[in-house]
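In UniProt numbering, the protein residues as written are 1 to 1043. Virtual Cβ for every residue (Gly too), placed ideally from N, Cα, C. Nothing here was measured: the structure is a model prediction, and the numbers come from that model. Take a look at the structure below.
Here's what the structure looks like:
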């Protein structure tokens, strides 16, 4: 018989092979299964018996093992090999494959000589598409038949035996322990006859438990009392510990085992002559309450006739050793019934000498239900030493309590006292008589916890005892919850009490001030008040604003958290703003006052003109022009944005304001405060490098950069920081070009793009200066010089990842770098939190974005750059696009791999430019870099821009390379390990290459120029046309230096 079905490659019908079981019903069953095949897993087929090599005789077993010499058939498409252990890396991505000499499991189907529909249904029930085998990890391969016995055989993958009993073929109840209920039940029956209690009800109970056994844990059984040794009492004859000689019985991985000399806990019951249903139910309740299933069985002392339940030694972690009640929390082992019993037993050891109060205290003690609940007690007055009255008015004092409060010690697992404890005392005056009202008052204080109550034996005044910090959280007057020791209800009452003590002389003004005072919400709110004019001294006119400065002798009222009261801040500087023509109070005046409450101390009045005066806080106003500050930065800097960004040159002023136009000044750790920096702010100026169009210096910036302090919610300067000064040649004559270069830098903190801090100007040369973040690690050559020994592939890929992330940021902003080469890669230091530890790491950044342009704004005909990094289409006169940056990135990949500059051994002239346009590229072999890396690099520098990968493809590839080498990456798959091997295989050759480059740096050609310059003399009209080469994907890649 032959079967045809679809070839997944061509879509055509194909013949699988000639076969037949010689039974039409079985043949049709197999054929239907094969027609259902969808390309996943293996094909179900007829397997001739002579193809199976039996490795273990079945005897009476249902399952046995074998080797199938031809092996299962499956369709491989390069990605569907899940669960299949074999495929050839060199084979086609789409092919039919057999996995020869495959170990398999054979399941014998007895009584299968007569093939019926019922038998076919039985076969179907064994296959994993049956709902009972959902999510199985084994596969079915086909069906066979013993030609001698005519018994049919199902053939499964080797893992089938992990789930089904070898003897009877039934599915294991517990796959881990390989427990088969059918086969092992007989063993339990035999074992049961060897261990009986002699009581029918007990034996029935035990047998019922055993019949529910499913493997894994221990069997519940009758345990003879003489098997216990080393018996040790642990409580009041309720629980004891012992060693069980034989130990518990359990079934694990195909065999019955006993764990001998097992430590156990015995739980005693009362001696009983007759076993009742009530007793059986009591035992069941103990077992069902034990959620961890740590019980082993039941026993009986033959002398005392006392029955015992046997638990493992973990039982004492969950149950009280004194009363056998279950702990609410096993970690602290606090038993509520035992604690209540202890407190009741202690009632006779104390008295307040007042029955009503004693009963109140007892009632409170008996309500505890958590180990951390404070135990309210009667505390004799002579237990206090060093009583210090702090606030007599509010009845508030501190003291040292000799014996200390009663508390549950979670380490000692018992009630203890903390001796010599600092406490707070709250006097309850007029409390000599214990009334219901008095007890209600005491009750009101107990909601937040109290150690107890005491009484001064001389004055008879009662006092409540609290923990020392109690009044940091609760008001000593009203006992309401507070913050920062400040109680709003009490403070509002205090302000109301002061209303009669002052007046402005105008009812409307008084009413407004009173209303504004009652708006306060927390301790640091300013209390708006009426301020007599005679409290101001040193009144001075200001030139730049409408304000008058003065010193307020009495000063504002500020709350002291330490002293728990308001105090005056004497001789405070203030601003006085006259509200002219305000003698007649109207709604406009009142609204103006109300709208100024946030930045005001209060209101006053000129004694001569009778004009009202707003008394303002200077921090809310610019010290330069007097305008109101609009954000946190302006207040912290004491200058408004307009003054801070002003400049005598309108173009420079507009540039600074544009660079700061999108910043959230009230909170921003993401943005940089771009500013004009006076040149005299720089000290320790040193020349560190020279580029094609500028000179770079390092310097110390005295005032330093504005940073946002999240802890204190304010802006402050990070003084004396090292910065880089890029001095642009002749920039005073070309300010527009300078401004355009500055604009391309983001004012955000982006890890892989060098950060710009501001601009300045040399007062001698008049050249403008761009102030950058200082790159401590230097340029790439500096970095490689210091780190060449440790610059392995993992380090190289990390650097490459940094560089590409920076380029990706530029491209996402729809810009093109246009001067992208290894010389513009600098290394900064960044601090990262790794595994709860801060570590300093090198961070590669892209710099020198002076030629950077928007995609739709590139209309220049001048070409600048480093020739080996410039894309052939650009050399050939085409516009510079983002794909040209990708070409440059390919050259940077070459440098990362080899440590060498591209085309270092030849002159960078018209000849090289022509060869680049013709397709010449640096040569690299697979001994230094793996093929997967080289393939990506060559795609980046493809002559045809359309063939170069996009940013997403490159990012995906580099992440894949990096994660393959990252030992901390947790989601590695087979592909990662294969790539890791490729990189590791080239590691040693690459190290030798890097060392060779370091030792032979003088081999660079004298006309190999690696700083940016004008390249027009070597491009476009000065070169023969080579468009045909640019569009040809088959241009050979050779090393021009060897020509």
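Notebook entry, point to check: DSSP on residue 284, reduced to helix/strand/coil?
Noted result: As a first step, residue 284 must be located in the chain shown, where it is residue number 284. Reduced to three states, the DSSP call for residue 284 is helix.
Notebook entry, point to check: When the distance is taken between beta carbons, is residue 215 closer than 8 Å to residue 251?
Noted result: Here residue 251 refers to the residue found at position 251 when the chain shown is read from its first residue. Here residue 215 refers to the residue found at position 215 when the chain shown is read from its first residue. Yes, they are a contact pair.
Note to self: Rounded to whole angstroms, what is the Cα-Cα separation between residue 857 and residue 846?
What the structure shows: The sequence position of residue 857 within the chain shown is 857, counting from 1. The sequence position of residue 846 within the chain shown is 846, counting from 1. Whole-angstrom Cα-Cα distance: 21 Å.
Item checked: Distance between residue 793 and residue 87 (C-alpha atoms, nearest Å) -> The residue labelled residue 87 in the question sits at position 87 within the chain shown. The residue labelled residue 793 in the question sits at position 793 within the chain shown. Low per-residue confidence applies at residue 87: pLDDT is 43, beneath 50, and the placement is therefore not dependable enough to give any value.
Next item on the list: Kindly indicate which residue of 801, 836 and 885 has the alpha-carbon position closest to the one of residue 960.
Entry: Walking along the chain shown from the start, residue 960 turns up at place 960. When each option's Cα is compared against that of residue 960, the closest is 801.
Check: Within 10 angstroms of its Cβ, does residue 2 collect 16 or more other Cβ (buried), or is it exposed?
Finding: Residue 2 sits at position 2 when you count from the first residue of the chain shown. Low confidence applies to residue 2: its pLDDT is 45, below 50, so where it sits in the model is not reliable enough to give any reading.
Margin query: Which residue wins for smallest C-alpha separation from residue 267, given the options 312, 716, 413 and 227?
Written below: Walking along the chain shown from the start, residue 267 turns up at place 267. Ranking 312, 716, 413 and 227 by Cα distance to residue 267 puts 312 first.
Checklist line | Reduced DSSP category for residue 216 - H, G, I as helix; E, B as strand; rest coil | finding: As a working note, residue 216 is residue 216 in the chain shown. Reduced to three states, the DSSP call for residue 216 is coil.
Next item on the list: Give the range of the alpha helix (DSSP H) segment to which residue 641 is assigned.
Entry: Against the chain shown, residue 641 aligns to sequence position 641. First-last of the alpha helix (DSSP H) with residue 641: 641 to 644.
Item checked: Host beta strand (DSSP E) of residue 312 (start-end) -> Here residue 312 is taken as the residue at index 312 of the chain shown, counted from 1. First-last of the beta strand (DSSP E) with residue 312: 306 to 312.
Note to self: Given this structure, state the Cα-to-Cα distance separating residue 112 from residue 150, to the nearest angstrom.
What the structure shows: On the chain shown, position 112 is the one that residue 112 refers to. On the chain shown, position 150 is the one that residue 150 refers to. Those two C-alpha atoms are separated by around 7 Å.
Margin query: Tell me the rounded alpha-carbon separation between residue 406 and residue 417.
Written below: Stepping through the chain shown from its first residue, residue 406 is reached at position 406. Stepping through the chain shown from its first residue, residue 417 is reached at position 417. For residue 406 and residue 417, the distance between alpha carbons rounds to 5 Å.
Item checked: Distance between beta carbons of residue 810 and residue 844, contact taken as under 8 Å -> As a first step, residue 844 is located in the chain shown; it is residue number 844 there, counting from the start. As a first step, residue 810 is located in the chain shown; it is residue number 810 there, counting from the start. With a Cβ gap of about 14 Å, residue 844 and residue 810 do not count as contacting.
Notebook entry, point to check: With respect to the alpha helix (DSSP H) encompassing residue 961, which residues constitute its N-terminal and C-terminal limits?
Noted result: Within the chain shown, the letter at position 961 stands for residue 961. 951 to 965 is the span of the alpha helix (DSSP H), which, as asked, contains residue 961.
Next item on the list: Would you give the residue range spanned by the alpha helix (DSSP H) that residue 1046 belongs to?
Entry: Because the chain here runs from 1 to 1043, residue 1046 falls outside it and cannot be looked at.
Notebook entry, point to check: Skipping 5 residues on each side, what residues in its chain have a beta carbon closer than 7 Å to that of residue 408?
Noted result: Your numbering for residue 408 matches position 408 in the chain shown. For residue 408, where only same-chain residues beyond five positions count, the Cβ hits under 7 Å are 334, 371 and 415.
Checklist line | Residue from 319, 722, 983 and 555 whose Cα sits closest to the Cα of residue 331 | finding: Here residue 331 refers to the residue found at position 331 when the chain shown is read from its first residue. The candidate whose alpha carbon is nearest that of residue 331 is 319.
Next item on the list: Out of 650, 716, 826 and 353, state which residue places its alpha-carbon closest to the alpha-carbon of residue 455.
Entry: By 1-based counting over the chain shown, the position of residue 455 is 455. If we check each option's Cα against that of residue 455, 353 comes out closest.
Next item on the list: In the DSSP assignment, find the alpha helix (DSSP H) that holds residue 867 and state where it starts and stops.
Entry: The residue labelled residue 867 in the question sits at position 867 within the chain shown. From DSSP, residue 867 is part of no alpha helix (DSSP H); its letter is neither H nor E.
Check: Roughly how far, in whole angstroms, is the beta-carbon of residue 760 from the beta-carbon of residue 677, given that I think they are within contact range, below 8 Å?
Finding: The residue given as residue 760 occupies position 760 in the chain shown. The residue given as residue 677 occupies position 677 in the chain shown. Yes, they are in contact, since the Cβ atoms of residue 760 and residue 677 sit about 5 Å apart, within 8 Å.
Check: Under a three-way DSSP split, which group does residue 884 fall into?
Finding: To locate residue 884, count along the chain shown from 1; it is residue 884. It is helical.
Margin query: Please state whether the Cβ-Cβ distance between residue 489 and residue 526 is less than 8 Å.
Written below: Here the question's residue 489 lines up with position 489 in the chain shown. Here the question's residue 526 lines up with position 526 in the chain shown. No, the Cβ-Cβ distance between residue 489 and residue 526 is not below 8 Å.
Checklist line | beta strand (DSSP E) segment containing residue 769, residue limits | finding: Reading the chain shown from its first residue, position 769 is the one you call residue 769. Where residue 769 is concerned, the enclosing beta strand (DSSP E) stretches over 768 to 773.
Check: From residue 716 to residue 636, what distance separates their C-alpha atoms?
Finding: On the chain shown, residue 716 is found 716 positions in, with the first residue counted as 1. On the chain shown, residue 636 is found 636 positions in, with the first residue counted as 1. Distance between the alpha carbons of residue 716 and residue 636 is about 7 Å.
Notebook entry, point to check: What are the residues that DSSP puts in a beta bridge with residue 700?
Noted result: Numbered from its first residue, the chain shown carries residue 700 at position 700. BP columns for residue 700 point to 683 and 722.
Check: Is the number of C-beta pairs between the segment 685 to 704 and the segment 780 to 796 that are closer than 8 Å three or more?
Finding: no
Check: Looking only at its own chain, which residues have a Cβ that is under 8 Å from the Cβ of residue 109, when we skip the five neighbours before and after it?
Finding: Looking up residue 109 in the chain shown gives position 109. Cβ within range, chain order: 119, 122, 123, 151, 152, 153 and 154.
Checklist line | Chain-order list of residues whose beta-carbon lies under 6 Å from that of residue 1037 (same chain, five-residue window excluded) | finding: Looking up residue 1037 in the chain shown gives position 1037. Since pLDDT at residue 1037 reaches only 36, below the 50 mark, its modelled position is unreliable, and the value read off the structure follows with that caveat. Excluding residues within five positions, the ones whose Cβ falls inside 6 Å are 921.
Checklist line | Separation of residue 819 from residue 881, as counted between CA atoms | finding: Within the chain shown, residue 881 is the residue found at index 881, counting from 1. Within the chain shown, residue 819 is the residue found at index 819, counting from 1. Their backbone Cα atoms lie some 12 Å apart in a straight line.
Next item on the list: Could you pull the start and end residues of the alpha helix (DSSP H) that residue 987 belongs to?
Entry: One-based indexing of the chain shown puts residue 987 at position 987. Per DSSP, residue 987 belongs to the alpha helix (DSSP H) from 974 to 999.
Check: Is the beta carbon of residue 993 sitting closer than 8 Å to the one on residue 896?
Finding: Within the chain shown, the letter at position 993 stands for residue 993. Within the chain shown, the letter at position 896 stands for residue 896. No, Cβ-Cβ distance for residue 993 and residue 896 is not below 8 Å.
Checklist line | Rounded Cβ spacing between residue 685 and residue 756 (contact assumed at less than 8 Å) | finding: What you label residue 685 is simply residue 685 of the chain shown in a count that begins at 1. What you label residue 756 is simply residue 756 of the chain shown in a count that begins at 1. With 8 Å as the limit, residue 685 and residue 756 do not qualify as a contact, their Cβ atoms being about 18 Å apart.
Item checked: Integer-rounded CB distance, given that residue 466 should sit under 8 Å from residue 426 -> Residue 426 sits at position 426 when you count from the first residue of the chain shown. Residue 466 sits at position 466 when you count from the first residue of the chain shown. Correct: roughly 7 Å between the Cβ atoms.
Check: Buried or exposed: where does residue 277 fall if 16 or more other Cβ atoms within 10 Å of its Cβ makes it buried?
Finding: Here residue 277 corresponds to residue number 277 of the chain shown, with the count starting at 1. When all chains shown are included, residue 277 counts as exposed.
Check: Hey, out of 287, 301 and 181, whose CA is closest to residue 229's CA?
Finding: On the chain shown, residue 229 is found 229 positions in, with the first residue counted as 1. When each option's Cα is compared against that of residue 229, the closest is 301.
Checklist line | Whole alpha helix (DSSP H) elements within the segment 877 to 923, 4-residue minimum | finding: 882 to 898 and 910 to 918
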